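Since the structure comes first, as structure tokens, the remarks are kept for the end.
Numbering (the UniProt record's numbering), first residue to last: 1 to 211.
Listed below in structure tokens is the structure:
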């Protein structure tokens with residue numbers, strides 16, 4: 001659940017629960033001179049957001065968690081599989097020219113290179129292709145396996161990995177995308193990709209999530 005900005009009444013409710021918890025909804029309403037029905041939406045928001053915990057026949061407890069702690073907990077619930085997108089792959093023997101065309105037509109910043117068994121063998125970035133183009137080489141005959149980044153120097157992730165960990169890798173490695181892979185008899189098959197755009201979409205969705 002997203003971290004919310006509390007209104008004055010919700011902040012007052014939190015303080016009451018901090019000072020008096022466990023405390024029932026009726027007791028909170030009495031202290032605020034409100035009806036239980038009027039208070040119910042605020043209590044629901046505070047409970048679903050993680051600020052309060054409610055136990056039947058006991059009442060409300062303050063969890064002691066800050067907005068930052070709640071946001072961190074929510075980020076750690078998002079996995080790669082929740083936001084991965086379709087990978088764009090090329091064969092290791094295609095020409096640099098064809099790779100540039102594919103990157104342009106697919107509107108991506110990274111291509112994943114596979115062998116004849118469709119196993120991951122390399123990664124091509126915009127920088128790799130630009131460097132080859134500046135080198136004045138014959139791009140239609142130069143295969144991508146000459147300029148690509150090869151295994152094992154490739155950062156990968158799996159479906160069950162936390163998205164926040166992949167985001168850290170994107171920053172630390174200064175790369176635009178990471179292939180999502182699964183192991184196939186010791187080799188890696190590309191089944192998806194995580195890009196900076198995927199990460200941004202996840203964070204925006206978290207911020208806009210309805211309570």
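A virtual CB, placed ideally from N, CA and C, is assigned to each residue, including glycine. Keep in mind that this is a model prediction, so the values were computed, not measured.
Using a 10 Å radius around the Cβ and a threshold of 16 neighbouring Cβ atoms, would you call residue i buried or exposed?
| i | result |
| --- | --- |
| residue 101 | exposed |
| residue 56 | exposed |
| residue 86 | exposed |
| residue 82 | exposed |
| residue 43 | buried |
| residue 211 | At residue 211, the pLDDT of 35 sits below 50, so the modelled position is not reliable and the matter cannot be decided from this model. |
| residue 185 | exposed |
| residue 179 | buried |
| residue 130 | exposed |
| residue 181 | buried |
| residue 204 | exposed |
| residue 58 | exposed |
| residue 167 | buried |
Expressed to the nearest angstrom, what Euclidean distance is found between the alpha-carbon atoms of residue i and residue j?
| i | j | result |
| --- | --- | --- |
| residue 1 | residue 45 | Any reading at residue 1 needs caution, since the residue's pLDDT is 41, under 50, leaving its predicted position unreliable; the model's value is listed next. So the two alpha carbons sit approximately 10 Å from each other. |
| residue 134 | residue 105 | 21 Å |
| residue 54 | residue 18 | 13 Å |
| residue 264 | residue 194 | Any answer about residue 264 is impossible in this case: the structure gives the chain only from 1 up to 211. |
| residue 88 | residue 126 | 13 Å |
| residue 140 | residue 187 | 29 Å |
| residue 15 | residue 198 | 38 Å |
| residue 114 | residue 137 | 23 Å |
| residue 143 | residue 175 | 22 Å |
| residue 192 | residue 118 | 13 Å |
| residue 3 | residue 34 | Residue placement at residue 3 cannot be trusted, given a pLDDT of 49 that sits under 50; what the coordinates show is reported in the next sentence. Each residue's Cα considered, the two are about 26 Å apart. |
| residue 27 | residue 41 | 16 Å |
State the beta-bridge partners of residue i as determined by DSSP.
| i | result |
| --- | --- |
| residue 90 | 113 |
| residue 52 | 62 |
| residue 85 | 193 |
| residue 120 | 114 |
| residue 23 | 60 |
| residue 41 | Beta-bridge pairing links residue 41 to no other residue. |
| residue 125 | 110 |
Runs of alpha helix (DSSP H) lying entirely within the UniProt domain "CBS" (148-211), each at least 4 residues, in chain order = 163-173, 196-208
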